[in-house]
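*Asks:* The listed protein sequences derive, respectively, from chains A and B.
When we follow our numbering, the leftmost residue of the first sequence carries the number 1, and every step to the right adds one.
When we follow our numbering, the leftmost residue of the second sequence carries the number 1, and every step to the right adds one.
Backbone N, C-alpha and C fix where the C-beta goes; we use that ideal spot for every residue, glycine too.
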Amino acid sequence: MFRRTAFAALAAVAALALAGCGDDTPASSSPSKSSPAVSGAVNVFAAASLTGTFTQLGKDFEAAHPGVRVTFNFAGSSALAKQINSGAPADVFASAAPKNMDDVTDKGTPTNFVKNTLEIAVPKGNPGKITGIKDFADKNKKIAICAAQVPCGAAAAKVFAALGITAQPDSLEQDVKAALTKVSLGEVDAALVYKTDVLSAKDKVEGIEFPESSKAVNEYPIATLTKAPNPDGAKAFVDYVLSDKGKAVLSAAGFDAP
Amino acid sequence: MTRRSRSTNGRLPLVLLLPALLGLAFLLVPLVGLLIKAPWSTLPGRLFSADVWQALRLSLVCATAATALCLLLGVPLAWLLARGGLPGRSVIRAFVTVPLVLPPVVGGVALLLVLGRRGLVGQHLDTWFGISLPFTTAGVIVAEAFVAMPFLVISVEGALRAADPRYEEAAATLGAGRWLTFRRVTLPSIAPGVVAGTVLCWARALGEFGATITFAGNFPGRTTTMPLAVYLALETDPDVAVVLSLVLLLVSVVVLASLRERWIGGLR
Numbered sequence: 001m002f003r004r005t006a007f008a009a010l011a012a013v014a015a016l017a018l019a020g021c022g023d024d025t026p027a028s029s030s031p032s033k034s035s036p037a038v039s040g041a042v043n044v045f046a047a048a049s050l051t052g053t054f055t056q057l058g059k060d061f062e063a064a065h066p067g068v069r070v071t072f073n074f075a076g077s078s079a080l081a082k083q084i085n086s087g088a089p090a091d092v093f094a095s096a097a098p099k100n101m102d103d104v105t106d107k108g109t110p111t112n113f114v115k116n117t118l119e120i121a122v123p124k125g126n127p128g129k130i131t132g133i134k135d136f137a138d139k140n141k142k143i144a145i146c147a148a149q150v151p152c153g154a155a156a157a158k159v160f161a162a163l164g165i166t167a168q169p170d171s172l173e174q175d176v177k178a179a180l181t182k183v184s185l186g187e188v189d190a191a192l193v194y195k196t197d198v199l200s201a202k203d204k205v206e207g208i209e210f211p212e213s214s215k216a217v218n219e220y221p222i223a224t225l226t227k228a229p230n231p232d233g234a235k236a237f238v239d240y241v242l243s244d245k246g247k248a249v250l251s252a253a254g255f256d257a258p
Numbered sequence: 001m002t003r004r005s006r007s008t009n010g011r012l013p014l015v016l017l018l019p020a021l022l023g024l025a026f027l028l029v030p031l032v033g034l035l036i037k038a039p040w041s042t043l044p045g046r047l048f049s050a051d052v053w054q055a056l057r058l059s060l061v062c063a064t065a066a067t068a069l070c071l072l073l074g075v076p077l078a079w080l081l082a083r084g085g086l087p088g089r090s091v092i093r094a095f096v097t098v099p100l101v102l103p104p105v106v107g108g109v110a111l112l113l114v115l116g117r118r119g120l121v122g123q124h125l126d127t128w129f130g131i132s133l134p135f136t137t138a139g140v141i142v143a144e145a146f147v148a149m150p151f152l153v154i155s156v157e158g159a160l161r162a163a164d165p166r167y168e169e170a171a172a173t174l175g176a177g178r179w180l181t182f183r184r185v186t187l188p189s190i191a192p193g194v195v196a197g198t199v200l201c202w203a204r205a206l207g208e209f210g211a212t213i214t215f216a217g218n219f220p221g222r223t224t225t226m227p228l229a230v231y232l233a234l235e236t237d238p239d240v241a242v243v244l245s246l247v248l249l250l251v252s253v254v255v256l257a258s259l260r261e262r263w264i265g266g267l268r
């Protein structure tokens, strides 16, 4: 038994070593009519900021369609786009930014299903005495914002540009959850995150809204993928997210309607 | 080692040779992929940007400082494990390897919980001395040392346990104290193990990402080491990420190869 496993592992390594070239064409799914009978597994690739809501939606969807199993791959939108373009077996892609959706080549027409607004997150009790977005230009405050390369950082840059202030961050975080972690541990006085993130950590952080957040609203598009192994399941899941039930779950988590 | 023991390839059994070559290919093929995908035409322009040098210099400085810290603390720890005769040694040894098993990001959070501004120890550092490690270069060094130290401790301990304790006993009977014995007898006899551990430790520190970005954050010139720069470049421009990775690889290979030649070659 052990030898067989070891052999399989070796074979896998050999395959990896020998591959390199060769275009693996995925088995093209049969062109299907939109039949309501949904079954099998649905692989949903969704932005990390959708983790809470989509896990909930997946459970509800499974309850509404017995025999269907939804599996999620939550990660940064740009990483997911790369995985999908490299041939990952995804049925649905929900991105935190239109740009990452545009990066995906084989997809149906994307629909914007929610939008997310930036909010200032401060540790419980606001120890740094942050009053508004202007404090982000104060050198004496410990500040974290997202790096300009990731969507929340790009949105933050838009806000600062609109205000004409130069932010004085102590750290440029690699994603919005990392920025939130720094706030909930009290390592920074404030960070710029999404409204939904503040709500998701409401026992550890407080949110401060600011009017200029309207300058940088993030649209979330969702689309089925052309090479989906389960096209019917993909369509049904997207329909469910866009349904009234789906909208209720999303707005309860702090997402705004598009 | 002498030349004699190396010239056995004429009789290498195929059972060993085949998996060995496969293993080598497994390790090298991803590197070949990087080399093939590298944007060679625009490479010089991308290479000579201030950001790259800043990140590379910071990486080298921090990895070296972290390695020095590991040597200072890790060699005595290895000695304690191998020779200290401690009760429950195997349990302590298991704890030493915790940073190896822990996902580095979790290691970073653990460091924040202890050494952060609100951390168990960190809050006192902050109020008493005004020292705050997160978001500083010192924080990078601490994070890298935390993740890399087990590599040093394990190889040094292995060398200590393989070394013949009778030399130490002989030194002791000749009147040498324990410290003198350690410096003049033990340390030279385990030098290859220390060098190997140092090299591993340095390499691990150089490539450290998760604990660094979690504990020390990311700010150019202060805490953005090469792996952090690579990760962020990957978000927008994969070509830049490939170039940065190649620079890091090249530098580490050159440093490691030359050090090994010089130190281990000179020792044997």
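Any chance you could list the beta strand (DSSP E) runs of at least 3 consecutive residues sitting entirely within the region 137-166 of chain A, in chain order?
*Replies:* Entirely contained in the region 137-166 of chain A, the beta strand (DSSP E) runs reaching 3 residues are, in chain order, 143-146.
*Asks:* Please classify Ala-178 (chain A) as buried or exposed, where buried requires at least 16 other C-beta atoms within 10 Å of its C-beta.
*Replies:* Residue numbering aside, residue 178 (chain A) sits at position 178 when the first sequence is read from its first letter. Classification for Ala-178 (chain A): buried.
*Asks:* From the beta carbon of Ser-30 (chain A), is the nearest beta carbon of chain B less than 8 Å away?
*Replies:* Along the first sequence, one-based indexing puts residue 30 (chain A) at 30. The predicted model places Ser-30 (chain A) with a pLDDT of 39, which falls under 50 and marks its position as unreliable, so this point remains unresolved.
*Asks:* Given that a residue counts as buried once 16 or more other Cβ atoms are within 10 Å of its Cβ, and exposed if not, what is Ile-131 (chain B)?
*Replies:* Taking the first residue of the second sequence as 1, we reach residue 131 (chain B) at position 131. The residue in question, Ile-131 (chain B), is exposed, as its Cβ has fewer than 16 Cβ neighbours within 10 Å.
*Asks:* To which residues of the same chain is Leu-249 (chain B) closer than 8 Å at the C-beta, ignoring the five residues directly before and after it?
*Replies:* As a working note, residue 249 (chain B) is residue 249 in the second sequence. Excluding sequence neighbours, Leu-249 (chain B) sits near Leu-31, Leu-34.
*Asks:* Please state if the CB of Val-183 (chain A) and the CB of Pro-123 (chain A) are separated by a distance shorter than 8 Å.
*Replies:* By 1-based counting over the first sequence, the position of residue 123 (chain A) is 123. By 1-based counting over the first sequence, the position of residue 183 (chain A) is 183. Yes, the Cβ-Cβ distance between Pro-123 (chain A) and Val-183 (chain A) is below 8 Å.
*Asks:* Report the rounded CA-to-CA distance for Val-106 (chain B) versus Phe-146 (chain B), giving the unit in angstroms.
*Replies:* Indexing the second sequence from 1 puts residue 106 (chain B) at position 106. Indexing the second sequence from 1 puts residue 146 (chain B) at position 146. For Val-106 (chain B) and Phe-146 (chain B), the distance between alpha carbons rounds to 12 Å.
*Asks:* Per DSSP, which one or two residues make a beta bridge with Tyr-194 (chain A)?
*Replies:* To locate residue 194 (chain A), count along the first sequence from 1; it is residue 194. Tyr-194 (chain A) is bridged to A:Leu-118.
*Asks:* Consider the Cβ of Gln-174 (chain A): report whether some Cβ of chain B lies at a distance smaller than 8 Å.
*Replies:* Translated into positions along the first sequence, residue 174 (chain A) becomes position 174. So, interface residue.
*Asks:* Please report the straight-line C-alpha distance between Ala-63 (chain A) and Ala-94 (chain A), rounded to a whole angstrom.
*Replies:* Here the question's residue 63 (chain A) lines up with position 63 in the first sequence. Here the question's residue 94 (chain A) lines up with position 94 in the first sequence. When rounded, the distance between both Cα atoms is 21 Å.
*Asks:* Going along the chain, which residues of its own chain have a beta-carbon closer than 7 Å to the beta-carbon of Ala-41 (chain A), five neighbours each way excluded?
*Replies:* Mapped onto the first sequence, residue 41 (chain A) falls at position 41. Cβ neighbours of Ala-41 (chain A) beyond the five flanking positions: Arg-69, Thr-71, Asn-230.
*Asks:* Which residue marks the beginning of the alpha helix (DSSP H) containing Ala-145 (chain B), and which one marks its end?
*Replies:* The residue labelled residue 145 (chain B) in the question sits at position 145 within the second sequence. Residues 137-162.
*Asks:* Counting only beta-carbon atoms, is Asp-170 (chain A) nearer than 8 Å to chain B?
*Replies:* Translated into positions along the first sequence, residue 170 (chain A) becomes position 170. Yes, Asp-170 (chain A) lies at the interface with chain B (some Cβ there is under 8 Å from its Cβ).
*Asks:* Where in the region 68-135 of chain A do unbroken runs of the beta strand (DSSP E), each at least 3 residues long, occur, reported from the N-terminal end onward?
*Replies:* Runs of the beta strand (DSSP E) inside the region 68-135 of chain A: 68-75, 92-94, 111-116, 118-123.
*Asks:* Tell me the residue span of the alpha helix (DSSP H) that contains Ser-90 (chain B).
*Replies:* As a working note, residue 90 (chain B) is residue 90 in the second sequence. Counting along the chain, the alpha helix (DSSP H) containing Ser-90 (chain B) begins and ends at 89-96.
*Asks:* At the level of alpha carbons, what is the spacing between Thr-136 (chain B) and Val-15 (chain B)?
*Replies:* The residue labelled residue 136 (chain B) in the question sits at position 136 within the second sequence. The residue labelled residue 15 (chain B) in the question sits at position 15 within the second sequence. Looking at the two C-alpha atoms, the distance is approximately 51 Å.
*Asks:* According to DSSP, what are the bridge partners of Pro-104 (chain B)?
*Replies:* By one-based count along the second sequence, residue 104 (chain B) stands at place 104. Looking at the DSSP assignment, Pro-104 (chain B) forms no beta bridge with any residue, so it has no partner.
*Asks:* Is the Cβ of Phe-129 (chain B) closer than 8 Å to any Cβ of chain A?
*Replies:* Along the second sequence, read from residue 1 onward, the residue named residue 129 (chain B) stands at position 129. So no, Phe-129 (chain B) is outside the interface.
*Asks:* Keeping to the same chain, check which residues put their C-beta closer than 7 Å to that of Leu-133 (chain B); ignore five residues upstream and five downstream.
*Replies:* Working through the second sequence from its first residue, we reach residue 133 (chain B) at position 133. Counting only Cβ-Cβ distances below 7 Å, and skipping sequence neighbours, we find Leu-115, Gly-122, Gly-139, Val-142.
*Asks:* Apply the 10 Å Cβ neighbour rule to Phe-45 (chain A) and answer buried if 16 or more other Cβ atoms are within range, or exposed otherwise.
*Replies:* By 1-based counting over the first sequence, the position of residue 45 (chain A) is 45. With 16 or more Cβ atoms within 10 Å of its Cβ, Phe-45 (chain A) is classed as buried.
*Asks:* How many Å lie between Asn-112 (chain A) and Phe-210 (chain A) at the Cα?
*Replies:* Position 112 of the first sequence, counted from the start, is the residue given in the question as residue 112 (chain A). Position 210 of the first sequence, counted from the start, is the residue given in the question as residue 210 (chain A). Each residue's Cα considered, the two are about 24 Å apart.
*Asks:* Closest to Ala-234 (chain A) by C-alpha separation, out of A:Ala-144, A:Asp-138, A:Pro-110, would be which residue?
*Replies:* Residue numbering aside, residue 234 (chain A) sits at position 234 when the first sequence is read from its first letter. The option with the nearest alpha carbon to Ala-234 (chain A) is A:Pro-110.
*Asks:* Report buried or exposed for Ile-222 (chain A), applying the criterion of at least 16 other Cβ atoms within 10 angstroms of its Cβ.
*Replies:* In the first sequence, residue 222 (chain A) corresponds to position 222, counting from 1. Result: buried.
*Asks:* Pairs of beta-carbons, one from the region 210-222 of chain B and one from the region 76-91 of chain B, closer than 8 Å: are there three or more?
*Replies:* No, the region 210-222 of chain B is not in contact with the region 76-91 of chain B.
*Asks:* Can you name the residues that DSSP bridges to Glu-219 (chain A)?
*Replies:* For the purposes of this step, residue 219 (chain A) is taken as residue 219 along the first sequence, with counting starting at 1. The partner list for Glu-219 (chain A) (beta bridge, DSSP) reads A:Lys-115.
*Asks:* So if I threshold CB-CB distances at 9 Å, which residues from the region 183-206 of chain A count as touching chain B?
*Replies:* Result list: Leu-185, Gly-186, Glu-187, Val-188.
*Asks:* Measure from the alpha carbon of Asp-51 (chain B) to the alpha carbon of each residue in B:Val-243, B:Val-255, B:Arg-183, B:Pro-150, then state which is nearest.
*Replies:* Counting from 1 along the second sequence, the entry for residue 51 (chain B) is found at position 51. Of the candidates B:Val-243, B:Val-255, B:Arg-183, B:Pro-150, the one whose C-alpha sits nearest the C-alpha of Asp-51 (chain B) is B:Val-243.
*Asks:* For Glu-208 (chain B) and His-65 (chain A), what's the separation of their Cα atoms in angstroms?
*Replies:* Taking the first residue of the second sequence as position 1, residue 208 (chain B) is located at position 208. Taking the first residue of the first sequence as position 1, residue 65 (chain A) is located at position 65. Rounded to whole angstroms, Glu-208 (chain B) to His-65 (chain A) spans 45 Å at the Cα level.
*Asks:* Does the separation of the CB atoms of Phe-255 (chain A) and Asn-116 (chain A) fall below 8 Å?
*Replies:* Position 255 of the first sequence, counted from the start, is the residue given in the question as residue 255 (chain A). Position 116 of the first sequence, counted from the start, is the residue given in the question as residue 116 (chain A). It is a contact, given that the beta carbons lie within the stated cut-off.
*Asks:* Any idea what DSSP makes of Phe-209 (chain B), helix, strand or coil?
*Replies:* Numbered from its first residue, the second sequence carries residue 209 (chain B) at position 209. It is coil, neither helix nor strand.
*Asks:* Is Ala-201 (chain A) helix, strand or coil when you go by DSSP?
*Replies:* Mapped onto the first sequence, residue 201 (chain A) falls at position 201. Three-state result, Ala-201 (chain A): coil.
*Asks:* I'd like to know if Ala-121 (chain A) contacts chain B, where contact means its C-beta is closer than 8 Å to some C-beta of that chain.
*Replies:* Here residue 121 (chain A) refers to the residue found at position 121 when the first sequence is read from its first residue. So, not an interface residue.
*Asks:* Taking Ile-92 (chain B) as the reference, which of B:Ile-190, B:Pro-150, B:Leu-58, B:Phe-26 has the closest Cα?
*Replies:* Reading the second sequence from its first residue, position 92 is the one you call residue 92 (chain B). With distances taken between Cα atoms, Ile-92 (chain B) lies closest to B:Pro-150.
*Asks:* Give me the Cα-Cα distance between Ser-49 (chain B) and Ala-167 (chain A), rounded to the nearest whole angstrom.
*Replies:* As a first step, residue 49 (chain B) is located in the second sequence; it is residue number 49 there, counting from the start. As a first step, residue 167 (chain A) is located in the first sequence; it is residue number 167 there, counting from the start. Spanning the two alpha carbons is a distance of roughly 24 Å.
*Asks:* Could you tell me whether the region 142-162 of chain A touches the region 239-257 of chain A, where touching means 3 or more Cβ pairs closer than 8 Å?
*Replies:* These segments do not touch.
*Asks:* Taking the continuous alpha helix (DSSP H) assigned at Gly-40 (chain A), which residues delimit it?
*Replies:* Here residue 40 (chain A) refers to the residue found at position 40 of the first sequence. Unbroken run through Gly-40 (chain A) is the beta strand (DSSP E), 40-47; no alpha helix (DSSP H).
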